[in-house]
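K.L.:
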Amino acid sequence: MSVLPRLKPAEVGDGVFQLSSLGARVAAIEHDGDVMLVDTGARGSFPLVAKSLASLGLSTDRVRSVVLTHSHPDHAGALATVVARTGATVGVHDDDADVLETHDDVGSLFPLLPARFNRKLSRSMYDGPVTPSDRFVEDVTLDWPDPVQLIHTPGHTPGSVSLYLPAIKMIMVGDALQYRFNRLAGPARLVTHDYAQALRSLHRLVELDFETMVFSHFQPMKRNAKQRLVRLIERLEARKE
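For what it's worth, this note's numbering labels the leading residue of the sequence shown as 466, then goes sequentially.
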């Protein structure tokens with residue numbers, strides 16, 4: 466988890482924008498003025514998200530839904546405020562949903578701390594508890610004009626998902642991958658619940674047809690993303706031999 470600078474809003478694909486936020490980068494998928502947010506950023510992010518939307522000619526009044534790539538507080542810390550201010554529905558995989566209500570099970574963020582301190586610290590990083598509107602238990606296609614498919618890619622957290630937008634050949638991978646200094650890598654081990662499972666989940670992504678890859682903590686990869694993911698998996702598997 467990290468707190469990033471307040472980046473300027475940027476279009477990363479047709480109708481898809483990354484917004485200013487704290488913690489993880491928040492994405493907006495827009496159609497005719499309606500907005501689906503992907504993650505909400507860390508606690509305190511809502512004013513930055515609202516300002517970013519306004520700069521794009523969009524309004525928080527038109528935020529219809531929030532979809533979470535996972536429940537870590539840098540991705541969902543501002544969720545309660547976003548829901549209170551917009552009335553948006555909330556979708557999350559069932560395996561991460563309870564964290565939004567209790568904030569108890571985020572031990573992979575602070576693995577060296579005793580459980581009671583872990584819970585106390587994690588609770589301070591969320592605006593408040595939220596009961597999700599939709600708890601997904603398998604891959605789903607969301608009700609949006611252009612298909613938005615949620616692909617369960619567990620490992621970083623049990624309920625981590627990636628979003629696939631086939632109309633623009635884009636995947637949004639949350640924290641399933643890292644992209645530092647033009648090098649693609651697996652998730653950060655220290656804050657990943659099950660690293661081996663996270664690597665196995667990458668095989669689900671290479672089954673898709675995509676060209677662009679969007680990350681939660683790094684610049685997007687706009688060309689040859691699938692080919693580079695295939696090469697990464699080959700490197701990782703070669704290390705096991």
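No residue lacks a Cβ here, since even glycine has one placed at the ideal position from N, Cα and C.
Would you mind sorting K691 into buried or exposed? The rule is 16 or more other CB atoms within 10 Å of its CB.
P.N.:
buried
K.L.:
By DSSP's criteria, S530 is part of a beta bridge. Which residues make up the other side?
P.N.:
M501 and T554
K.L.:
Judging by CA-CA distance, which residue of T525, D674, A549 and S681 is the nearest neighbour of A492?
P.N.:
For A492, the nearest C-alpha among the options comes from S681.
K.L.:
In three-state DSSP terms, what is F482?
P.N.:
Residue state, collapsed to three classes: strand.
K.L.:
Would you check if the distance between the CB atom of H496 and the CB atom of H621 is smaller than 8 Å?
P.N.:
no
K.L.:
Are the CB atoms of G478 and T677 within a distance shorter than 8 Å?
P.N.:
yes
K.L.:
Taking the DSSP output, what are the residues bridged to S627?
P.N.:
I616
K.L.:
From L523 to E702, what distance separates their C-alpha atoms?
P.N.:
About 44 Å.
K.L.:
Candidates H658, D599, S486 and D640: which alpha carbon is nearest S517's?
P.N.:
Taking only the C-alpha atoms, the option nearest S517 is S486.
K.L.:
From I636 to D604, what distance separates their C-alpha atoms?
P.N.:
14 Å
K.L.:
Spatial neighbours of A543 within its chain, please: CB distance less than 6 Å, with the 5 preceding and 5 following residues excluded, ordered by chain position.
P.N.:
T505, G506, R508, S510, F511 and D592
K.L.:
Could you name each continuous alpha helix (DSSP H) segment of 4 residues or more that falls completely within the stretch 618-678, going from the start of the chain to the end?
P.N.:
660-670
K.L.:
Give the DSSP-derived three-state secondary structure of L701 in the structure shown.
P.N.:
helix
K.L.:
Assuming P619 and S627 make a contact with CB atoms under 8 Å, what is their CB distance in whole Å?
P.N.:
With a Cβ gap of about 11 Å, P619 and S627 do not count as contacting.
K.L.:
Alpha carbon to alpha carbon, how far is H558 from V514? Give it in angstroms, no decimals.
P.N.:
23 Å
K.L.:
Ordered along the chain, which non-local residues of its own chain (more than five positions away) have a Cβ less than 6 Å from that of A562?
P.N.:
P597 and R600
K.L.:
How about V555 and V531: do their beta carbons lie closer than 8 Å?
P.N.:
Yes, the Cβ-Cβ distance between V555 and V531 is below 8 Å.
K.L.:
DSSP three-state label for F511, please.
P.N.:
helix
K.L.:
Measuring straight from C-alpha to C-alpha, what distance separates L472 and Q643?
P.N.:
18 Å
K.L.:
Tell me which same chain residues have a C-beta within less than 6 Å of the C-beta of T551, skipping the five on either side of it?
P.N.:
T525 and V528
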